[in-house]
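Plus 797 on top of the position in the sequence shown (first one is 1) and you've got my numbering. Below is one structure; the comments refer to it alone.
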Amino acid sequence: ASSLLAEAGLLDGRPATTHWNYFERFLRRYPQVHLKTRHLITQSDNIYCVGSVNSIADLCVHLAEDWYGSGIARAVEHQFSPEIRQPFQSAAWQDTPQRRHHDETVLLAQQWLQDHMHCAVSLQDMGPAFGVSARTLHRRFRQATGMAPQAYLTALRMNTARELLRRSNLSIAEIAWQIGLQDASYFSQLFRRSNGVTPGQYREAVRGKLFDPPGKPAPAPP
């Protein structure tokens, strides 16, 4: 698909990616295209390129979330082997990202939320900490990111929770504690609201694909 776009001249002067096996050929044939060999997805305005089958799944989930919200996106994600998914932001090169902004106060607040996600965060105290009122910070945060600070914090926590469910053996209560929620029941409610399934159901689905089911006989030696 990237080669077709390049042949049509639609990628001239734009970032693009393709499968690693075609990098050299692509560079020789389309020198006017800015090939991003370290990214599996590129976005330039409304033109997307992907470099692998799994990246197609990453892109589909990202588009579903943009168009239909996180609940639908998580339902789509479950159909695309969630244990091998990467967040769009970590896989993609974007020259016009939707969430880019230049509000330094909001950028500091975003980093502060990332750093203090595991704590009991008081959003009312954030504004004065950054030299503005809580109401002003809330307004500027929503204007810059498209999300309220609480929704942004919840999204950070749910992203971390999914990763811990995939990769760790921590209990549900321990994961809740790790992301700054003392109540495991409340964490489960938030997770289900965000992902469409409970934490236990999510872990079971992911682990069922990551590992062989128990009791499966070992393959016979050759």
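From the three backbone atoms N, C-alpha and C, an ideal C-beta is built for every residue, glycine too. Values in this document were obtained by computation on a predicted structure and should not be read as measured data.
- Fully enclosed alpha helix (DSSP H) runs of no fewer than 4 residues occupy 923-926, 931-942 and 946-964 of the stretch 903-965, in order along the chain.
- Taking the CA atoms as reference points, HIS859 sits about 32 Å from ASP922.
- Per DSSP, the continuous alpha helix (DSSP H) segment holding VAL873 begins and ends at 867-875.
- In the structure shown, TYR819 adopts helical secondary structure according to DSSP, grouped into three states.
- Look at ILE853 here: in three-state DSSP terms it is helix.
- In the three-state DSSP reduction, HIS859 falls in the helix class (H, G or I).
- DSSP links TYR845 through a beta bridge to GLN840.
- DSSP, read as helix, strand or coil, puts ALA1002 in helix.
- In the structure shown, the three-state DSSP call for LEU987 is helix.
- Taking C-beta atoms under 8 Å as the contact rule, VAL903 and ARG936 fail to qualify, at a distance of about 10 Å.
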